[in-house]
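A.B. asks: The structure that follows is given in the form of structure tokens.
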Amino acid sequence: MNNNLAESVKKSIVMKGWLDELKLNINARIALLQLVTIDEEDAMHTLDAWTHADDWPQEGMGLISWDSGDQFIEIKEPAVPFGKRSASPETVLGIIDDYQGAAIFILKDFHRAWEHRPSVLRMLRNLSARLPAREQPVNIILTSPERNLPVELRQDIPAIDVGKPGTEQMRELLERLSSSSNALRNVSPGLMERLVESALGLSVVEAGRAFRKAIVLAGKGGLDERAVRQVLNEKQHIIRESGALELYPYTGMMSNVGGLGALKKWLDERQEAFSQEARDYGLSAPKGVALVGIPGTGKSLCAKVTAGHWGMTLLRMDVGAVFSGLLGSSERNIREAIRIAEVIAPCVLWVDEIEKAFAGSTGDSGTASRVLATFLTWMQEKSAPVFVFATANNIDRLPPELFRKGRFDEIFFLDLPTRAERTRILEVHLKQQGISMISQRFNLDAVAKMTEGFVGAELQALVNDAMFPAFRDNRREIDTDDLLAAAREMVPLAKSHEKHIETLRLMVDQGLVRNASDNLSGEKVDLESIPESRPRLD
């Protein structure tokens, strides 16, 4: 490693919590360790820099790496000569066992060695017991892109997660990649901050690739606002391909949500609760909110606009991708999703239709239970400003411990919209179609009365359906009669969910969940009044 790079890495070592944990294990004579990282080269640079630091374990201790391609490489030469030699996965452990000097050995991708060789597992277990008793310390670090220790080794080999790079490391990476092209010459401190934040959640390799593309596209003019969009674009593709998370684009504003006054007020009060000023005041960062109700009531829309209203990144968890078909991969997927969310924080983590993820099932070897346990523990103990926004259509299928206080700050029930709320929702969707002077052109009170039992999605469909006959009739502008005609053709979904809605309303009455509407008059849609079918126009 060149001196400049070594000095740069040395400065950032203090920020690498994983290195402190690694040092503690090595000083405690824990012989075997697993280092979990997809940024292997960056981890090797950090370990190389550590060999020049004052707290290197002892004088004369070497740092030696091995992989099946390059074989043994002495990164730091040990006092007791090791010598050049070749080894196979079957013989490398024996060579290390025979070595009489002090050294830390890094075995790259060694998990491949035990997949079809049970004897390797036994040798590792023997070394974990034998090496600590030696006079000269010898440690073995197994590097791997994921936690993959077999059950035989989990008690003998601690796993240390390197995690994703933080803000300072991202800044150093961007400065290093831009140094030769002088791409940062016109970059303001604010733009620099946005560039760094746009890459959070990526690995060093991924972020480096995104930064290099942005530098090339910027050309001689240097990096500007387009670079932020380029990095975010790259990040969106990478996060989507990485598994269970998707970087969701911001769509709409809080004004696009009709009704739900109590929920919108609750969210608005917490808009600045993630700031340092809030911390200094003594406020705890909000943990999350759960919205329950039948499909189409606007739960997902609220998640989308909340992130935009707060100016935070929105991550959508794909629960289908969490539950992969490979044994053990579901737990890895949820841990990786949590890790990315914490690195990107502050952010909103949207778990859509959470009952599909955590309702549990038989015949899945307890996978759902383990994933749920991981998620619940994180929600209870998380310190990173990740606001969990969960939506559910059927609360009956969810385990009660998911909604225990301390995990979600509040649970809201999205009831069928009242007449006033239906009027507001209709106004929103008509405006989205570019229609103006709505109050003068439409009798929305009559339409709201006709649409009793309609949810927001059905009202949106109603406006869309009303436009078809107007379009066919010489592209004329739609009117109240078009909306009423479309309403008569539709049967609301609420009719088939009558029992479920009544159950949720009872939970509101019992104080178990909170109504998302600020309907002080107590008005609610009468489920009995919703017709089974609506008469067609004559």
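Positions 3 to 540 (the working numbering) are the ones given, in order, by the sequence shown.
All C-beta atoms in this analysis are idealised placements derived from N, C-alpha and C, irrespective of residue type, glycine included.
Computed from a predicted model, the values in this text were never measured in an experiment.
Are at least three pairs of beta-carbons, each pair with one atom in the segment 50-70 and one in the segment 89-105, less than 8 Å apart?
C.D. replies: Touching, per the Cβ criterion.
A.B. asks: Which residues share a DSSP beta bridge with Gln318?
C.D. replies: In the sequence as displayed, the identity of residue 318 is Arg instead of Gln. Bridge partners of Arg318: Glu248, Trp352.
A.B. asks: Give the single residue among Lys86, Leu197, Ser286 whose Cα lies nearest to the Cα of Glu227.
C.D. replies: Nearest option by C-alpha distance: Leu197.
A.B. asks: What is the DSSP secondary structure of Ile517, reduced to helix, strand or coil?
C.D. replies: According to the sequence provided, residue 517 is Asn. The question's Ile does not apply to it. Correct three-state label for Asn517: strand.
A.B. asks: Would you list the one or two residues that DSSP bridges to Trp52?
C.D. replies: In DSSP, Trp52 forms no bridge with anything.
A.B. asks: Going by other Cβ atoms of all chains shown within 10 Å of its Cβ, with 16 needed for buried, is Ala55 buried or exposed?
C.D. replies: With fewer than 16 other Cβ atoms within 10 Å, it is exposed.
A.B. asks: Which one of Val527, Ile397, Ala292 has the shortest CA to CA distance from Leu265?
C.D. replies: Measuring from the Cα of Leu265, the nearest candidate turns out to be Ala292.
A.B. asks: Go to Thr376, then tell me how far its alpha helix (DSSP H) extends in each direction, as first and last residue.
C.D. replies: That run of the alpha helix (DSSP H) goes 369-383.
A.B. asks: Tell me the DSSP secondary structure of Ile108 in three-state form.
C.D. replies: Reduced to three states, the DSSP call for Ile108 is strand.
A.B. asks: Which runs of the alpha helix (DSSP H), 4 residues or longer, sit entirely within the segment 157-186?
C.D. replies: Counting whole runs of 4 or more residues, the segment 157-186 contains the alpha helix (DSSP H) stretches 169-180.
A.B. asks: I'd like to check one pair, Leu129 with Trp116: are the Cβ atoms closer than 9 Å?
C.D. replies: Cβ distance not < 9 Å, so Trp116 and Leu129 don't count as in contact.
A.B. asks: Ignore the nearest five residues each way along the sequence and tell me which others in Ile336's own chain have a CB closer than 8 Å to its CB.
C.D. replies: For Ile336, where only same-chain residues beyond five positions count, the Cβ hits under 8 Å are Ala246, Val324, Val373, Thr376, Phe377.
A.B. asks: Whose C-beta lies closer than 7 Å to the C-beta of Ala135 among residues of the same chain, with five residues either side of it excluded?
C.D. replies: Closer than 7 Å at the Cβ level, and outside the excluded window around Ala135, lies no residue.
A.B. asks: Expressed to the nearest angstrom, what Euclidean distance is found between the alpha-carbon atoms of Gly168 and His113?
C.D. replies: Looking at the two C-alpha atoms, the distance is approximately 27 Å.
A.B. asks: For the beta strand (DSSP E) holding Ile66, just list the boundary residues, first then last.
C.D. replies: Per DSSP, Ile66 belongs to the beta strand (DSSP E) from 64-69.
A.B. asks: Among all the DSSP beta bridges, which residues are the ones paired with Asn141?
C.D. replies: BP columns for Asn141 point to Ile106.
A.B. asks: Can you tell me which of the three DSSP states Gln435 falls into?
C.D. replies: Note: Gln435 maps to coil in three-state DSSP.
A.B. asks: Mapping DSSP to helix, strand and coil, what is Ile413?
C.D. replies: The answer is strand: DSSP assigns Ile413 an E or B state.
A.B. asks: What does the alpha-carbon distance come out to for the pair Asn141 and Glu154?
C.D. replies: If you take the alpha carbons of Asn141 and Glu154, they lie about 19 Å apart.
A.B. asks: Can you give me the C-alpha to C-alpha distance between Glu137 and Pro80, rounded to a whole angstrom?
C.D. replies: Answer to the nearest angstrom: the Cα atoms are 15 Å apart.
A.B. asks: Roughly how many whole angstroms lie between the Cα atoms of Val122 and Glu92?
C.D. replies: Going by the C-alpha atoms only, they are around 7 Å apart.
A.B. asks: Can you list, in chain order, the residues of its chain with a C-beta nearer than 6 Å to that of Glu429? Leave out the 5 residues immediately preceding and following it.
C.D. replies: Counting only Cβ-Cβ distances below 6 Å, and skipping sequence neighbours, we find Ile440.
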